[in-house]
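Encoded as structure tokens, the structure appears first; notes follow it.
Following this line, the structure appears as structure tokens:
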């Protein structure tokens, strides 16, 4: 049993360096669309576009993997259309790897009247109210049609706070769904030329025993990678990090570990130290559109009146196109005048900051200097 | 009297070629920010930004001159702030030439309760209702603070249709204002290191005698360039071209001629044939944001359902980034999903089309082939 040998090879994960004093690790993750360096951050392109940026921008920024969302793309433009376009790679014109989230989070957060049953989730489209069922099998069919390199199992993302009994039932349901996903995934793989890697998602809220069981049972499925879900959903930061610390030891070290939906710069720095390899989050892009930029020292509010006559760059230490070509005063003007170029230039800067942060951490890990670098970053960064 | 010799030299206009069968001409226009090739089209950057595009995009597109608006920039962020940033060039980060429109059109079209008197126009800000006076002198002070290479006199842009008596009074007022603009401009120039070229604006609605008088009296002021205003404001296309034909002979051939606010691709092609050297219009950018793209054969509606599964490029003959990287189906998806990348990619294509059209016309004029090329274009283009 297990995934075919050629597929496992397609997604081989090599550890290149491990920090001697923390859990941080640097690796290489092979995919049918090229090899990427871990740890990495995935810009979020929910609707097959990272808001305001072009795919050429993302290449120039050095984005290695983009994230898209199965729930949104299922509703619009539909997986059949995307498949006919040559999958998401062909549809978007993006040659590097892509990961699709299964939509487990979105069916609850966006749709009306979601109802969970053993079979799956019955929900209404947030676009037109139409009724749909997402079963584990259906979601695999959608993610196979979308054709991303990495696809996620269909899970129930428990909210925070969450009673332990609900969290246990939900975690067990997520495990049963994961096995159904894997079975359908294996069937679909037989008909496909380009392999896709199915990642499991560990749930269990903030309860150590639930997380440990969830991780162990998923590990037994020998999937090519594992994600931690249900974090970054409102729990205190300390609890998020604690959950990370007690869950990661239950996951195989030889597989990539993905922390879903987290987070702020200091969260990424802490989580890499705990041993996480992959991240995605809307924070750099969404906060940019709200007028918040990130720098090594913390946030800059681009709408702030104090920037009106500040003719220096947004971040004097930054080498991105925004910081080398435009002033804080001009950026503030664009936000005041509600000009979309402001959203775009801020998004470009924030993604540059996040992607550069990941590259910097990888370098520190390889140089054996991560612990010192991490302490320095966390001391300077003001949330 | 007249403008100082060094300033006149700064804006020297050289005719390079004249088409033997039409009025079309190709030239070089020197400015303190480099020499530009005529005929040219100016992308409209009302608020010191061409909506959705970066200045790097505009450079890559080969935009030679950008247009900004004195009315909008006076209200926000204010001319003093722009002056402190090093003028519009410094504020926007744009090294090539800029032209500012005086805001004569906007005080009427955007502000509430505009009242015209001999002194100037009393109006209320469309942003906060505050009360202001634009006199010719005030507008010169604003345009000098903004620091564009080309600045426009303050005029009354008569609407269409317009009774002859009103058009005559208005044209005469515009002439008196032009003389006051020139006087204040000369005073302000004394204090400035970088010269600016003040262009006159011929008004007179669609009345031949009024246009002729307006042109002749402005020509007597020996300004470095002349614009035709009050066109593209709702009059039938034939009347616009007719007005152009009977007005241009009254303007000096040795000065650049600028047709303000026009127009569609076939309007540009016709107007270049009549002898116009400079254009600006919101059509390529605004229509892009409404989902309309231009090609050699006419318009493409990007929201059209027929594009949903059309995986070919927007325009197979186009070499722009949008057409070489993205499909019609993807563009339609972006518009359906209200993603701003759609507005940006369509804007990029449309400006590429307009700017390439101008370059193509210049080449045809220099090659002595404009009349044939023009007939071919107009036969193929379906409005």
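Protein chains in written order, with this note's numbering: chain S, 1 to 383; chain G, 384 to 766.
Built from N, CA and C at the ideal position, the CB exists for glycine as well.
Because the structure is a prediction, the values reported are computed rather than measured.
Under the three-pair Cβ rule at 8 Å, the stretch 422-438 of chain G counts as touching the stretch 653-665 of chain G.
The three-state reading of DSSP puts residue 551 of chain G in helix, counting H, G and I together. Taking 4 residues as the minimum length, the alpha helix (DSSP H) runs contained wholly in the stretch 130-193 of chain S are 136-146, 164-190, in order along the chain. A straight line joining the alpha-carbon of residue 526 of chain G with that of residue 562 of chain G spans about 16 Å.
Taking C-beta separations shorter than 7 Å and ignoring five residues to either side along the sequence, the partners of residue 520 of chain G in its chain run 563, 567, following chain order.
Shown here, residue 219 of chain S sits in a helix according to DSSP, grouped into three states. Contacts with chain S at 9 Å (Cβ-Cβ) do not include residue 750 of chain G.
Counting the other Cβ atoms within 10 Å of the Cβ of residue 484 of chain G gives 16 or more, which makes it buried.
Taking a contact to require three or more Cβ pairs closer than 8 Å, the stretch 638-648 of chain G and the stretch 662-678 of chain G qualify as touching. The shortest CA-to-CA distance from residue 456 of chain G to any of G:583, G:490, G:479, G:438 is the one to G:490.
Between residue 748 of chain G and residue 409 of chain G, the C-beta spacing is below 9 Å. Pairwise C-beta distances place the stretch 672-688 of chain G out of contact with the stretch 436-447 of chain G, as fewer than three of them are shorter than 8 Å. For residue 376 of chain S, the three-state secondary structure derived from DSSP is helix.
Look at residue 43 of chain S: its C-beta is not under 9 Å from any C-beta on chain G. For the options G:545, G:531, G:574, the alpha carbon positioned closest to that of residue 582 of chain G is the one of G:531.
The CB of residue 309 of chain S comes closer than 7 Å to the CB of 464, 467 in chain G, given here in chain order. Per DSSP, the beta bridge partners of residue 585 of chain G are G:611. Collapsing the DSSP output to three states places residue 207 of chain S in coil. Put simply, the CB of residue 760 of chain G is far from chain S, with every gap to its CB atoms at 9 Å or more. One finds nothing in chain G with a Cβ atom closer than 8 Å to the Cβ of residue 303 of chain S; even the nearest lies about 13 Å away. Judged by DSSP secondary structure, residue 322 of chain S falls within the alpha helix (DSSP H) whose first and last residues are 321-325. Going by C-alpha positions, residue 304 of chain S is about 7 Å away from residue 332 of chain S. When secondary structure is reduced to three states using DSSP, residue 114 of chain S falls in the strand class.
Beta bridge pairing from DSSP links residue 304 of chain S with no other residue.
Comparing alpha carbon positions, the residue from G:402, G:697, G:668, G:607 closest to residue 755 of chain G is G:402.
Going by C-alpha positions, residue 569 of chain G is about 60 Å away from residue 692 of chain G. Here residue 663 of chain G carries a strand assignment [DSSP, helix/strand/coil].
Scanning its chain for C-beta atoms nearer than 8 Å, with the 5 sequence neighbours on each side dropped, one finds around residue 311 of chain S the residues 327, 328, 329, in chain order.
The three-state reading of DSSP puts residue 11 of chain S in coil, since its state is none of H, G, I, E or B. In this structure residue 571 of chain G is not in contact with residue 539 of chain G, their Cβ atoms being roughly 22 Å apart against a cut-off of 8 Å. For residue 293 of chain S, there are no neighbours in chain G by C-beta distance under 9 Å, as the nearest C-beta there is about 16 Å away.
In the structure shown, residue 632 of chain G falls within a helical segment according to DSSP collapsed to helix, strand and coil. Note on geometry: alpha-carbon atoms of residue 85 of chain S and residue 227 of chain S lie some 29 Å from one another. Between residue 67 of chain S and the set S:193, S:336, S:77, S:51, the nearest pair of CA atoms involves S:51. Annotation for residue 698 of chain G: 676, 678, 679, 683, 706, 732, 736 place their beta carbon closer than 8 Å to its own, counting only its chain and skipping 5 residues before and after. Inclusion of residue 723 of chain G and residue 340 of chain S in the CB contact set at 9 Å is warranted, their separation being smaller than that value.
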